[in-house]
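Q: From first to last, the protein sequence lines stand for chains A and B. Each residue of the first sequence is one higher than the one before, counting from 3 in this note's numbering. Each residue of the second sequence is one higher than the one before, counting from 38 in this note's numbering. Glycine included, each C-beta is placed from N, C-alpha and C at the ideal position. Submitted below is the structure of interest, expressed as structure tokens.
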Amino acid sequence: GEDVEQSLFLSVREGDSSVINCTYTDSSSTYLYWYKQEPGAGLQLLTYIFSNMDMKQDQRLTVLLNKKDKHLSLRIADTQTGDSAIYFCAETGENNRLAFGKGNQVVVIP
Amino acid sequence: GAVVSQHPSRVICKSGTSVKIECRSLDFQATTMFWYRQFPKKSLMLMATSNEGSKATYEQGVEKDKFLINHASLTLSTLTVTSAHPEDSSFYICSARSGAGFDTEAFFGQGTRLTVV
Chain A
3 GEDVEQSLFL SVREGDSSVI NCTYTDSSST YLYWYKQEPG AGLQLLTYIF
53 SNMDMKQDQR LTVLLNKKDK HLSLRIADTQ TGDSAIYFCA ETGENNRLAF
103 GKGNQVVVIP
Chain B
38 GAVVSQHPSR VICKSGTSVK IECRSLDFQA TTMFWYRQFP KKSLMLMATS
88 NEGSKATYEQ GVEKDKFLIN HASLTLSTLT VTSAHPEDSS FYICSARSGA
138 GFDTEAFFGQ GTRLTVV
């Protein structure tokens, strides 16, 4: 089954880069996702990566996938105050379901 | 992006009563809807997957008779928490997809904070 783990808290200064890590155990995952949850708001899909890719860049976001180690990371360049949120990685498992990690709270210090 | 509306955003109910939460896709047809439960400082736990016109597929450990899910149309799914107890207090979130592909984005509702007293 799916088992996604994440670290919990990261504080970063505005303008610096932030990196969030995630490990997963389901090697059959086809897509892996990064979602953002702002206070009082729903989840927003930030980006996703297909399992046969190693890297995907989307503006300030860079996703790295190490399929051998089942490790996924999200790098946010030039972190801004609006990036303060909880970030979840997620993976597809059986039956097209989405399984989520615990969430990683990012606090951006001005 | 597409909009998923969840209602109510907050509800307080007495122990033993039932509560219905609605999830609507406002500008697209949701062939698949997901219901999640989020505990404090914890991840989203998938409760069930609902396909329009068919019975929901529940995750292991989720009581079907307690958490009734109905997906009667392509724009509406409901979750009814029956005979609610304080341990059912949680944050419930729905999600909707317009297709079955893995790359079809899932859009999330704002969530419902349920408090059972």
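(1) Using a 10 Å radius around the Cβ and a threshold of 16 neighbouring Cβ atoms, would you call lysine 70 (chain A) buried or exposed?
(2) Considering Cα atoms alone, identify which of A:Asn54, A:Lys38, A:Ser86 and A:Asp56 is closest to leucine 48 (chain A).
(3) What residues in its chain sit with their C-beta under 8 Å from that of serine 28 (chain B), if we drop five residues either side in the sequence?
(4) Would you mind working out which of A:Cys91, A:Ile111 and A:Gly105 sits nearest serine 31 (chain A), comparing C-alpha positions?
(5) Residues bridged to threonine 69 (chain B) by DSSP?
(6) Give me whichever residues DSSP pairs with histidine 44 (chain B) in a beta bridge.
(7) If we call anything under 9 Å between Cβ atoms a contact, is leucine 74 (chain A) one with threonine 64 (chain A)?
(8) Closest to valine 14 (chain A) by CA distance: which of A:Leu66, A:Thr25 and A:Asp85 is it?
(9) Classify leucine 10 (chain A) as buried or exposed, calling it buried when 16 or more other Cβ atoms lie within 10 Å of its own Cβ.
(10) Using the beta-carbon of each residue, which ones in chain B are nearer than 7 Å to lysine 38 (chain A)?
(11) Taking the C-alpha atoms as reference points, what is the distance between phenylalanine 65 (chain B) and threonine 112 (chain B)?
(12) Can you pull the chain A residues whose beta carbon is under 7 Å from the beta carbon of glutamate 142 (chain B), in chain order?
(13) What residue from B:Phe144, B:Phe76 and B:Ala109 has the CA that sits closest to arginine 150 (chain B)'s CA?
(14) Per the DSSP calculation, lysine 58 (chain A) is bridged to which residue(s)?
A: Quick answer:
(1) Lysine 70 (chain A) should be labelled exposed.
(2) With distances taken between Cα atoms, leucine 48 (chain A) lies closest to A:Lys38.
(3) The displayed coordinates of chain B run from 38 to 154. Any statement about residue 28 (chain B) would go beyond what the structure contains.
(4) For serine 31 (chain A), the closest alpha carbon among the candidates A:Cys91, A:Ile111 and A:Gly105 is that of A:Cys91.
(5) BP columns for threonine 69 (chain B) point to B:Asn88 and B:Arg134.
(6) Answer is B:Glu59, bridged to histidine 44 (chain B).
(7) Not in contact: leucine 74 (chain A) and threonine 64 (chain A) (Cβ atoms no closer than 9 Å).
(8) Among A:Leu66, A:Thr25 and A:Asp85, the Cα nearest to that of valine 14 (chain A) belongs to A:Asp85.
(9) It counts as exposed.
(10) Under a criterion of Cβ atoms nearer than 7 Å, no residue of chain B is adjacent to lysine 38 (chain A); the nearest Cβ is some 11 Å distant.
(11) Whole-angstrom Cα-Cα distance: 7 Å.
(12) The contacting residues are Leu47.
(13) Ranking the options by Cα distance to arginine 150 (chain B), first place goes to B:Phe76.
(14) DSSP, once it has assigned bridges, lists A:Val65 as partnering lysine 58 (chain A).
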